[in-house]
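Protein chains in written order, with the working numbering: chain A, 1 to 261; chain B, 262 to 507.
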Amino acid sequence: MKRSTKRRLVRGVFYAVFVAVVAALVLAADWVAIQENFLDLSTLEETWPAIVTIAAKNTVVYTIVAFVGGLVGGLLLALMKLSPIAPYRWVATGYIEFFRGLPALLVIFAFAFAVPIAFQWQPPGGNTVPALIGLIVVSAAYIAETLRAGIQAVPKGQVEAAKSLGMNPLWTMVSVVLPQAFRIVIPPLTNEFVIIIKDTSLLFIAGMAIESRELTTFARDAVSTTANSTPLIAAAVMYLIITLPLTRLVARLERRTQRAR
Amino acid sequence: MTTNEPAIAVRDLHKYFGDNEVLKGIDFHVDNSEVVCVVGPSGSGKSTLLRCVNRLEEPTSGKIFVEGIDITDPEVDVDDVRSRIGMVFQQFNLFPHLTVLRNLTIAQQRVRKRSKNEAAEIARRNLERVGLADREGAYPAHLSGGQQQRVAIARALSMEPDMMLFDEPTSALDPELVGEVLATMKQLATEGMTMMVVTHEMGFAREVGHKLVFMDDGVIVEEGVPGEVLAAPQHERTQAFLSKVL
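Here's what the structure looks like:
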């Protein structure tokens with residue numbers, strides 16, 4: 001057999017396998033049941049417009065709060081980890097290793113219920129706020145590592161140039177190192193943001209009041225009240241509307257930084 | 262500035278990197294308005310010596326006096342000392358996220374506490390001095406290597422330092438760009454700037470330098486008037502080195 005014929009044959013087999021698998025799934029699925037349970041328009045109407053005005057809005061608000069909080073905490077931790085003062089380094093390293101080593105769900109659960117007990121604190125609006133603090137605590141650990149890597153990626157000569165001009169360590173960090181470090185970490189930081197969007201779904205563990213529910217909690221609740229799974233699909237679509245443009249943005253930013261090098 | 266004190270005086274300077282002794286007891290001085298060129302093979306410790314003068318490297322032992330003040334004293338404000346010593350690096354080390362003008366004004370504002378306008382005025386004067394008055398809005402990445410190094414010189418000059426350190430300022434440049442940087446340095450020397458220059462440019466050392474210091478293996482082997490040392494080196498290690506580079 002000729003080499004080119006053989007190659008075409010192998011290719012043909014791969015296509016055939018693909019088509020066969022898809023066909024088998026399509027034939028095996030109960031399309032009526034799927035349509036009734038997952039794509040039911042009247043159920044969809046019931047969730048509208050609360051899925052946008054409450055659920056999607058809350059997801060976005062929680063994401064921004066967790067990201068900004070995580071950025072502030074992460075920057076502090078990154079600077080502590082690079083500090084010449086040893087106890088600061090130990091605390092930062094311990095914190096980062098501890099919270100990156102635990103499932104986010106466990107941390108959020110612990111914060112949602114343990115923190116109000118430990119501090120005898122009645123959080124306003126139920127356990128959402130302490131649960132959100134748990135999410136901030138976890139995000140800070142991940143963002144700290146991203147920022148530390150960015151700070152260390154700034155060439156040593158930059159710090160030396162700033163020092164040689166008489167700049168003190170604070171000014172060197174603020175006006176020379178950090179602006180360059182943030183440029184380096186924009187793609188991984190955007191990735192962190194996308195992960196936080198999805199991690200806000202873990203806040204369901206806090207058991208939230210109706211007006212503070214985010215997309216996943218909202219969808220689960222709607223599934224049980226309507227006895228129909230369509231809200232899950234609707235929530236999935238909402239997540240994708242938020243995350244897809246961001247992941248595309250990350251890809252673009254990564255291409256740009258690669259070109260700049 | 263006190264005129265009777267040398268600008269830089271180094272006494273019995275030792276520097277270790279781990280177990281490796283890079284400077285083995287250096288005694289040396291630079292007078293005011295003097296241009297001292299330090300030459301020697303790579304690994305001889307000449308860059309380390311230069312970097313000890315503004316404490317980018319911490320000396321292991323020995324003393325360094327800048328305008329009569331012992332800068333190895335832990336009580337000395339090292340940022341203040343550095344702000345009076347301009348430094349030019351082999352790799353330019355311009356701040357890539359800032360425009361040329363901002364590169365020149367940022368330390369003036371932060372360290373010298375000058376107003377934005379005053380800093381910009383001084384910066385423009387120094388850009389003109391290095392022949393780059395028209396590039397103040399450019400970013401470093403858009404300049405040639407020679408232009409970047411001239412901006413770096415202007416950045417150091419904008420702090421109005423009493424002396425300048427040059428760490429192989431032309432070694433990272435394409436050959437055709439070396440001349441413009443050396444010309445700028447020569448102009449500085451004729452204006453009376455005190456300069457300590459680590460370099461491989463023997464032509465510059467002969468023409469502009471007042472003193473040539475030859476270092477090898479962590480010690481000063483020979484020093485003297487550049488023309489004389491280059492024409493008739495006394496020490497065999499100097500002879501061996503010069504026979505390779507000249």
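C-beta: ideal position from N, C-alpha, C; glycine also.
Using a Cβ-Cβ distance under 7 Å, would residue i count as near chain B?
i: A/L189; result: no
i: A/P103; result: no
i: A/P124; result: no
i: A/E145; result: no
i: A/G150; result: no
i: A/V176; result: yes
i: A/P84; result: no
i: A/E265; result: Outside the shown range of chain A, which is 1 to 261, sits residue 265 of chain A, and nothing can be said about it.
How about residue i: is its C-beta nearer than 7 Å to some C-beta of chain A?
i: B/I325; result: no
i: B/M348; result: yes
i: B/I330; result: no
i: B/I269; result: no
i: B/V299; result: no
i: B/D288; result: no
i: B/L317; result: yes
i: B/Q410; result: no
i: B/F356; result: yes
What's the gap between the Cα of residue i and the Cα of residue j?
i: A/L41; j: A/A234; result: 11 Å
i: A/F38; j: A/T226; result: 12 Å
i: B/A417; j: B/N354; result: 11 Å
i: B/I269; j: B/E437; result: 33 Å
i: B/M262; j: A/L79; result: A caution first: B/M262 carries a pLDDT of 47, below 50, which makes its placement in the model unreliable, though a value can still be read off. Using only the alpha carbons, I get a separation of about 39 Å.
i: B/Q403; j: B/L359; result: A quick correction: the sequence has His, not Gln, at residue 403 of chain B. About 12 Å.
i: B/N378; j: A/A149; result: 36 Å
i: B/L310; j: A/K156; result: 19 Å
i: A/V176; j: B/I367; result: 10 Å
i: A/L106; j: A/Y88; result: 26 Å
i: A/V159; j: B/Q408; result: 21 Å
i: B/D340; j: B/L317; result: 11 Å
i: A/L253; j: A/G74; result: 22 Å
i: A/R261; j: A/L246; result: No answer about A/R261 holds up, because its pLDDT of 44 lies below 50 and its placement is not dependable.
i: A/N58; j: A/I197; result: 11 Å
i: A/P179; j: B/R363; result: 14 Å
i: A/I133; j: A/A86; result: 27 Å
i: A/R7; j: A/A20; result: 20 Å
i: B/V361; j: B/G406; result: 13 Å
i: B/R371; j: A/R248; result: 39 Å
i: A/I90; j: B/E319; result: Checking the sequence, you will find Trp at residue 90 of chain A rather than Ile. Computed Cα separation, rounded: 26 Å.
Determine the extent of the alpha helix (DSSP H) in which residue i is found, giving its start and end residues.
i: A/S164; result: 156–164
i: A/E97; result: 86–100
i: A/E46; result: 41–47
i: B/Y400; result: No alpha helix (DSSP H) holds B/Y400; DSSP gives it neither H nor E.
i: A/F218; result: 215–226
i: A/M80; result: 57–81
i: B/S344; result: 339–344
i: B/K324; result: Note, B/K324: premise wrong, no alpha helix (DSSP H); beta strand (DSSP E) at 322–327.
i: A/T190; result: 178–199
Please tell me whether residue i and residue j are closer than 7 Å, where the distance is taken between their beta carbons.
i: A/V237; j: A/S229; result: no
i: B/A450; j: B/V296; result: yes
i: B/V458; j: B/Q410; result: no
i: B/M425; j: B/M463; result: no
i: B/T499; j: B/V482; result: yes
i: B/Q352; j: B/E429; result: no
i: B/S344; j: A/G166; result: yes
i: A/A110; j: A/N127; result: no
i: A/P130; j: A/P124; result: no
i: B/P494; j: B/A466; result: no
i: A/G70; j: A/A153; result: no
i: A/V138; j: A/A104; result: yes
i: A/V174; j: A/T243; result: no
i: A/T53; j: A/P231; result: no
i: A/V250; j: A/T190; result: yes
i: A/A66; j: A/L135; result: yes
Given residue i, which residues of its chain have a CB within under 6 Å of its CB, disregarding the five upstream and five downstream residues?
i: A/P188; result: T146
i: B/Q369; result: R375, A380, S419
i: B/F475; result: V300, G301, V482, E483, T499
i: B/V391; result: R411, I414, A415, T445
i: B/T321; result: H275, K276, Y277
i: B/K285; result: G479, V480
Hey, quick one: how far does the beta strand (DSSP E) through residue i stretch, first residue to last?
i: A/G125; result: It is not in any beta strand (DSSP E) - A/G125 carries neither H nor E in the DSSP assignment.
i: B/A270; result: 269–278
i: A/V32; result: Per DSSP, A/V32 belongs to no beta strand (DSSP E); it is in the alpha helix (DSSP H), 31–38.
i: B/N354; result: Unbroken run through B/N354: none, as it is neither H nor E.
Which residues in the same chain have their Cβ closer than 7 Å to the Cβ of residue i, if we skip the five residues on either side of it in sequence?
i: B/L272; result: The sequence shown places Arg at residue 272 of chain B, not Leu. Within the same chain, B/R272 has close Cβ partners D288, G323, K324.
Using C-beta distances below 8 Å, list every residue in its chain close to residue i, excluding the 5 sequence neighbours before and after it, in chain order.
i: B/V490; result: L473, F475, E483, E484, T499
Quick one: list the residues of chain E neighbouring residue i, beta-carbon separation under 7 Å, in chain order.
i: B/D341; result: In the displayed structure, chain E is absent; the protein chains listed are A and B.
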